[in-house]
Amino acid sequence: MASPNQRALARAAGLSQTTVSLALRRHPSIPAETRDYIFRVAREIGYQPNAYVACLMSRIRSGNPPPDRGCIALLADAENEDEWLYDEIFRKIYEGMRERALESGFYTEPFYLRSSALTGSKINRILTARGIRGLVLAPQRRPGSERLSLQWDNYACSTVGYTWQDPLVDRIVTFHRHNIDAAYEKLVALGHKRIATCLPHDAVDAVNSNWLAGFYLWYHKCPPRSRIPLFVVTPGSKPLHRFSSWIKKWKPDALVTLKSDEIPWLEKLGYHIPDDISVVCFNRRLSSTMAGMQENFGVIGGSAIDVVTSGILGNRYGLPAHPKILMIEGYWADGPTVRSRV
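Quick note, the sequence shown lines up with residues 178 to 519 if you use my numbering.
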């Protein structure tokens with residue numbers, strides 16, 4: 178059921194819409210008794226003002242042209258669109274942002290931070306001139322590679338992932354620990370009893386160490402006889418030789434990996450997948466046919482827009498005193514690299 182509008186409130190109060198409008202703005206021409214009466218009726222009928230419309234009307238009454246509040250700026254750590262959207266993950270996040278913005282009555286526009294024509298001060302001038310009050314810090318390819326000097330008090334902001342650490346804003350991330358747990362639990366349900374895990378060295382500290390934390394929580398829950406130490410792939414350390422020694426020692430019936438880079442090693446060592454060993458990704462590529470956990474990149478992008486539009490419509494701008502993290506669960510995707518051992 179639609180919320181009562183200002184016209185309905187005027188009818189319920191038995192007053193003109195002009196009087197009600199002035200009272201809701203606490204205009205001094207309206208006596209305090211009348212104003213209190215109108216607010217009481219508003220509570221009784223469930224009237225709630227629309228912050229977006231109120232802000233827009235305020236601009237119109239002041240004689241200033243309404244700003245282009247329909248645009249949400251996407252600040253991308255790239256020189257141009259091709260560089261930004263080279264990866265399928267970034268493309269899917271962008272699609273989620275764009276679609277959710279359109280559903281909410283907004284549209285998105287990318288600004289490329291590595292373009293020689295853009296600086297922090299120039300971005301500020303552009304956004305201010307166009308009245309753009311919402312922005313999303315798109316995920317960086319290299320965490321911490323770009324720092325921005327913006328007038329943050331002017332904007333409702335969000336970001337995707339953990340790559341932007343300065344400034345601290347509300348962020349939307351994958352629920353990595355859930356995804357790892359779900360991958361392990363799926364393998365157990367399929368009858369696997371000796372599940373091994375392999376991580377590349379640069380993933381150990383990535384995503385706020387959530388992949389590493391997920392492994393150790395699972396390791397702790399496993400019966401002691403089923404625990405297999407983590408294998409970390411370190412460059413320049415004869416990884417195939419180390420991997421061969423590790424897998425022959427622990428004899429897993431399933432391998433959980435970040436992106437399945439270890440499959441060529443398994444094949445070189447004579448393993449047949451999935452007959453000899455199942456292989457599962459907990460960070461499955463969108464185009465992959467492997468079994469594993471798929472991150473909800475479109476939902477993540479759309480949720481970043483939701484945070485920004487909520488701030489705009491609620492007139493909440495500036496860096497949050499207590500930044501929030503919204504975690505989005507992934508889902509299991511079947512593939513030919515895993516088989517039941519029940």
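All C-beta atoms, glycine included, are put in the ideal place defined by N, C-alpha and C. Model, not experiment: these values are computed from the prediction.
{"Item": "Is the CB-CB distance between Lys269 and Gly475 below 8 Å?", "Value": "yes"}
{"Item": "Give me the Cα-Cα distance between Val456 and Thr434, rounded to the nearest whole angstrom.", "Value": "7 Å"}
{"Item": "At what residues does the alpha helix (DSSP H) containing Ile222 begin and finish?", "Value": "209-222"}
{"Item": "When the Cα of Gly311 is compared with those of Thr486, Cys458, Thr374, which residue comes out closest?", "Value": "Thr486"}
{"Item": "With respect to the beta strand (DSSP E) encompassing Thr285, which residues constitute its N-terminal and C-terminal limits?", "Value": "284-289"}
{"Item": "Going straight from the alpha carbon of Ala315 to that of Thr285, what length do you get?", "Value": "12 Å"}
{"Item": "Contact between the region 345-355 and the region 485-502: three or more CB pairs below 8 Å?", "Value": "yes"}
{"Item": "Would you kindly work out how many angstroms separate the C-alpha atoms of Ala189 and Asp213, rounded to a whole number?", "Value": "14 Å"}
{"Item": "So, at 6 Å on beta carbons, what are the nonlocal neighbours of Ala255 in its own chain, with the 5 sequence-adjacent residues on each side left out?", "Value": "Trp261, Tyr289, Arg291"}
{"Item": "Where do the N-terminal and C-terminal ends of the beta strand (DSSP E) with Val313 fall, by residue?", "Value": "311-314"}
{"Item": "How many angstroms separate the CA atom of Glu258 from the CA atom of Val197?", "Value": "49 Å"}
{"Item": "Please classify Tyr271: does DSSP put it in a helix, a strand, or coil?", "Value": "helix"}
{"Item": "Taking only runs that begin and end inside the region 331-381, name each unbroken beta strand (DSSP E) of 3 or more residues, in chain order.", "Value": "333-337, 348-351, 372-377"}
{"Item": "I think Glu265 touches Leu463, with their Cβ atoms under 8 Å apart; what is that distance to the nearest whole Å?", "Value": "5 Å"}
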